[in-house]
Amino acid sequence: MTYRNPPTTPRKSATFDDYTLSEIRRAAATGIYDIRGAGAKRKLPHFDDLLFLGASISRYPLEGYRERCDTSVVLGSRHARKPIELKIPITIAGMSFGSLSGPAKEALGRGATLSGTSTTTGDGGMTEEERGHSKTLVYQYLPSRYGMNPRDLRRADAIEVVVGQGAKPGGGGMLLGQKISDRVAEMRTLPKGIDQRSASRHPDWTGPDDLEIKILELREITDWEKPIYVKVGGARPYYDTALAVKAGADVVVVDGMQGGTAATQEVFIENVGQPTLACIRPAVQALQDLGMHRKVQLIVSGGIRNGADVAKALALGVDAVSIGTAALVALGDNDPRWEAEYNALGTTAGAYDDWHEGRDPAGITTQDPELMKRVDPIAAGRRLANYLKVMTLEAQTIARACGKNSLHNLEPEDLVALSIEAAAMAGVPLAGTNWIPGKTGF
Numbered sequence: 180m181t182y183r184n185p186p187t188t189p190r191k192s193a194t195f196d197d198y199t200l201s202e203i204r205r206a207a208a209t210g211i212y213d214i215r216g217a218g219a220k221r222k223l224p225h226f227d228d229l230l231f232l233g234a235s236i237s238r239y240p241l242e243g244y245r246e247r248c249d250t251s252v253v254l255g256s257r258h259a260r261k262p263i264e265l266k267i268p269i270t271i272a273g274m275s276f277g278s279l280s281g282p283a284k285e286a287l288g289r290g291a292t293l294s295g296t297s298t299t300t301g302d303g304g305m306t307e308e309e310r311g312h313s314k315t316l317v318y319q320y321l322p323s324r325y326g327m328n329p330r331d332l333r334r335a336d337a338i339e340v341v342v343g344q345g346a347k348p349g350g351g352g353m354l355l356g357q358k359i360s361d362r363v364a365e366m367r368t369l370p371k372g373i374d375q376r377s378a379s380r381h382p383d384w385t386g387p388d389d390l391e392i393k394i395l396e397l398r399e400i401t402d403w404e405k406p407i408y409v410k411v412g413g414a415r416p417y418y419d420t421a422l423a424v425k426a427g428a429d430v431v432v433v434d435g436m437q438g439g440t441a442a443t444q445e446v447f448i449e450n451v452g453q454p455t456l457a458c459i460r461p462a463v464q465a466l467q468d469l470g471m472h473r474k475v476q477l478i479v480s481g482g483i484r485n486g487a488d489v490a491k492a493l494a495l496g497v498d499a500v501s502i503g504t505a506a507l508v509a510l511g512d513n514d515p516r517w518e519a520e521y522n523a524l525g526t527t528a529g530a531y532d533d534w535h536e537g538r539d540p541a542g543i544t545t546q547d548p549e550l551m552k553r554v555d556p557i558a559a560g561r562r563l564a565n566y567l568k569v570m571t572l573e574a575q576t577i578a579r580a581c582g583k584n585s586l587h588n589l590e591p592e593d594l595v596a597l598s599i600e601a602a603a604m605a606g607v608p609l610a611g612t613n614w615i616p617g618k619t620g621f
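The sequence shown runs 180 to 621 under this note's numbering.
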């Protein structure tokens with residue numbers, strides 16, 4: 180009698196998974212690297228790996244219907260004569276006109292103004308839609324200098340010197356030719372329809388001493404009125420934060436690798452930088468070591484999605500957060516109602532693979548005149564305001580449950596981690612223990 184082994188199910192490689200194999204075939208067929216937008220898609224330790232310890236006997240909770248929980252924040256009080264006062268600690272990140280349509284920029288301004296917070300220009304200069312509908316507008320000063328002029332620096336309410344971005348720390352920006360319309364080309368003083376790459380570093384300074392000089396120049400141009408932010412990608416947050424403070428920054432912005440971009444190489448997005456969660460504690464520690472925590476404000480961005488994320492970031496020591504991808508979703512980007520059109524682009528709603536293409540069916544990340552008509556700036560602005568309201572209410576709910584009458588009174592002691600990696604990154608105990616990996620014994 181012959182015995183045969185029963186058939187087994189073929190097992191695919193965890194290293195050479197279906198996506199990796201498809202990328203090898205694509206690279207072999209085209210000879211070019213893949214370009215896309217958004218941030219890292221790989222699974223990373225994130226705010227979901229943290230939990231709050233609500234009040235019980237040892238802590239006393241607050242009643243939501245009768246006890247106040249403050250949400251306001253002041254940014255730029257170190258040197259600026261006119262620091263920014265916001266009603267909520269959630270700001271809108273820099274997203275350029277060119278990457279986004281004019282109606283989308285207007286909607287961001289409308290929604291932020293309704294919510295009492297700020298928007299940020301992004302690369303390529305200031306549009307009248309954004310300035311006209313943003314009560315508080317931060318002007319980004321980038322290596323490209325696209326659209327930069329002293330008049331708009333003075334018209335802004337704050338200036339953000341961009342050294343790096345979470346999706347591509349050490350890399351420059353990218354805007355493909357299909358998004359370079361007549362207006363975008365005019366604002367950037369570059370040819371229409373030609374791919375544009377921004378420099379990876381500022382042309383007139385090479386280190387922290389030069390940065391200090393540049394910050395002083397910007398203060399002189401704006402008569403010392405405007406707060407000066409310095410934004411860095413999440414690579415070496417301790418040293419970058421310390422050097423930004425020593426150079427004179429009023430506010431430091433740290434952007435983790437879950438932060439989005441309009442377009443860059445995917446190999447960059449997925450393999451350079453650190454998770455947002457890993458960036459917070461080193462940046463806070465740098466401020467504490469310099470005696471500047473809460474004197475220089477810290478903003479963190481990259482993958483902030485809901486009020487719980489906001490509360491966790493604030494508990495770890497930041498003063499405010501910034502949102503980009505989530506704000507675009509609130510406006511209507513990658514809405515499943517356009518699924519058929521996303522499929523026609525070779526992607527799907529929620530993948531964000533279309534941001535660089537300039538053919539966004541939702542009319543948000545495009546310069547196509549017909550597609551832009553799909554964005555109603557007033558309605559989209561209301562959606563963003565609703566979303567910001569919900570995020571704030573969620574964060575307040577958590578703070579009250581922890582017995583705090585201000586979001587800024589949340590602290591690391593209110594948190595535990597669900598994994599060793601998250602505990603080590605956030606500097607809080609592993610749930611069920613008193614162990615902070617690398618800091619305490621069991």
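Backbone N, C-alpha and C define an ideal beta-carbon position, used for all residues, glycine too.
Per the Cβ contact rule, the region 428 to 435 is not in contact with the region 204 to 213 (fewer than 3 Cβ pairs under 8 Å). For histidine 472, the secondary structure class from DSSP, reduced to helix, strand or coil, is strand. With a contact defined as Cβ atoms closer than 8 Å, aspartate 514 and alanine 528 qualify at about 6 Å. Between serine 235 and arginine 579, the alpha-carbon positions lie close to 12 Å from each other. DSSP, reduced to helix, strand and coil, places glycine 435 outside both helices and strands of the structure shown, so it counts as coil. In the three-state scheme derived from DSSP, where H, G and I count as helix and E and B as strand, valine 451 is classed as coil. DSSP assignment within the region 565 to 608 yields the following whole beta strand (DSSP E) runs of 3 residues or more, N-terminal first: 594 to 596. In this chain, the beta strand (DSSP E) harbouring glutamate 264 covers 263 to 265. Annotated three-state conformation of aspartate 361 is helix, per DSSP. DSSP places glutamate 339 in the uninterrupted beta strand (DSSP E) bounded by 337 to 341. Taking all protein chains shown into account, lysine 474 has fewer than 16 neighbouring C-beta atoms within 10 Å of its C-beta and is therefore exposed.
By the C-beta density criterion, aspartate 593 is buried, having at least 16 other C-beta atoms within 10 angstroms. In this structure, Ile543 is the residue among Ile263, Ile543, Pro329 and Lys405 with its C-alpha nearest to the C-alpha of leucine 279. One thing to note: glutamate 264 has its Cβ no nearer than 9 Å to the Cβ of asparagine 584. Looking at the DSSP output, arginine 538 sits in a beta bridge with Thr545. Buried is the label assigned to alanine 423, since at least 16 other Cβ atoms lie within 10 Å of its Cβ.
Counting of Cβ neighbours within 10 angstroms places glutamate 308 among the buried residues, the total reaching 16 or more. With contacts defined by Cβ atoms closer than 9 Å, alanine 346 and glycine 439 form a contacting pair. DSSP links methionine 366 through a beta bridge to no other residue. Note on lysine 405: 16 or more other CB atoms within 10 angstroms of its CB, so buried under the neighbour-count rule.
With respect to the C-alpha of isoleucine 407, the residue from Gly525, Lys425 and Arg415 having the closest C-alpha is Lys425. The beta carbons of proline 268 and serine 251 sit closer together than 9 Å.
For a cut-off of 8 Å, the C-beta gap from alanine 603 to glycine 617 is around 6 Å, short enough to register as a contact. Annotated three-state conformation of tyrosine 408 is strand, per DSSP. Within the same chain, Cβ atoms closer than 7 Å to the Cβ of arginine 380 are found at Pro322, the five residues on either side in sequence being excluded. The C-alpha of aspartate 512 is placed about 28 Å away from the C-alpha of threonine 576. The continuous stretches of beta strand (DSSP E) do not include isoleucine 392, which lies in the alpha helix (DSSP H) extending over residues 387 to 400.
Annotated as proximal: threonine 270 and threonine 299, with beta-carbon spacing under 9 Å.
Remark: C-beta atoms of aspartate 336 and lysine 261 approach each other more closely than 9 Å.
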